[in-house]
Amino acid sequence: MNKEKRYEIFRRLREDNPHPTTELNFNSPFELLIAVILSAQSTDVGVNKATDKLYPVANTPEAIYALGVDGLSEYIKTIGLFNSKAKNVIETCRMLIELHGSQVPDSREALEALPGVGRKTANVVLNTAFGHPVMAVDTHIFRVSNRTGIAPGKTVLEVEKKLMRHVPREFMVDAHHWLILHGRYVCKARTPQCGSCRIEDLCEYRHKTSD
Numbered sequence: 008m009n010k011e012k013r014y015e016i017f018r019r020l021r022e023d024n025p026h027p028t029t030e031l032n033f034n035s036p037f038e039l040l041i042a043v044i045l046s047a048q049s050t051d052v053g054v055n056k057a058t059d060k061l062y063p064v065a066n067t068p069e070a071i072y073a074l075g076v077d078g079l080s081e082y083i084k085t086i087g088l089f090n091s092k093a094k095n096v097i098e099t100c101r102m103l104i105e106l107h108g109s110q111v112p113d114s115r116e117a118l119e120a121l122p123g124v125g126r127k128t129a130n131v132v133l134n135t136a137f138g139h140p141v142m143a144v145d146t147h148i149f150r151v152s153n154r155t156g157i158a159p160g161k162t163v164l165e166v167e168k169k170l171m172r173h174v175p176r177e178f179m180v181d182a183h184h185w186l187i188l189h190g191r192y193v194c195k196a197r198t199p200q201c202g203s204c205r206i207e208d209l210c211e212y213r214h215k216t217s218d
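Just so you know, the sequence shown maps onto residues 8 to 218 in the numbering used here.
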């Protein structure tokens, strides 16, 4: 795919949704961090249902740490892998309190040192909370990047590096939100809705549908 096509793809996505953001509910970098940790192998809808009950009660590192693993588990037990996530969140809160003055750090290295925080989670927080031009590649972005030809790659890291290289800089801060939403609602895993896709004429997928 050439740079002109890529530019037009993101221009149209921006035209349709000028101010995209995550579908996770949050009001602070800390709330976002915890929500993203909880969202691993879970849906945003499911995480929001849990945090909508948790955050009015505890939405700071000190308050969640005070709940302890058992107390936190009661709020997030509807989320997959809640036992291990509860342990990670409590330990993350302890580290934020002791090492970062209860503030979420805005560096990749510091974020990835927190339990339950991998490269993708760190990128989501850096991008969404702090506006860093980074790319958080999830299953939706991996699929859309390969299927459309925007940034094909065999691994998540390869796709991330290609997106960082090929997405025009003016779109970089919002690009991962557009790609996630496109993959979630249009370029779906089983049956992409090519007939109602804004970028169908630019997409290089060989097996387009006619919905």
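Where is the CB? At the ideal position from N, CA and C, for every residue including glycine.
Whole-number beta carbon distance between residue j and residue i, since they are thought to touch under 8 Å
i	j	result
residue 2	residue 104	In the structure displayed, the chain extends from 8 to 218; residue 2 sits before or after that span and is not available.
residue 298	residue 17	Nothing about residue 298 can be reported from this structure: the residues present for the chain run from 8 to 218 only.
residue 86	residue 45	6 Å
Option nearest residue i by Cα separation, candidates the options
i	options	result
residue 20	140, 217, 175, 215	175
residue 217	205, 209, 199	199
residue 181	138, 164, 169	138
residue 194	170, 154, 172	154
residue 119	40, 14, 75	40
Three-state class that DSSP yields for residue i in the structure shown
i	result
residue 214	coil
residue 44	helix
residue 156	coil
residue 13	helix
residue 18	helix
residue 137	coil
residue 225	The chain is shown only over 8 to 218; residue 225 falls outside these bounds and no answer can be derived.
residue 109	coil
Rounded separation between residue i and residue j - CA only
i	j	result
residue 68	residue 126	21 Å
residue 43	residue 177	25 Å
residue 11	residue 156	13 Å
residue 135	residue 188	14 Å
residue 24	residue 82	33 Å
7 Å Cβ cutoff met for residue i and residue j
i	j	result
residue 158	residue 173	yes
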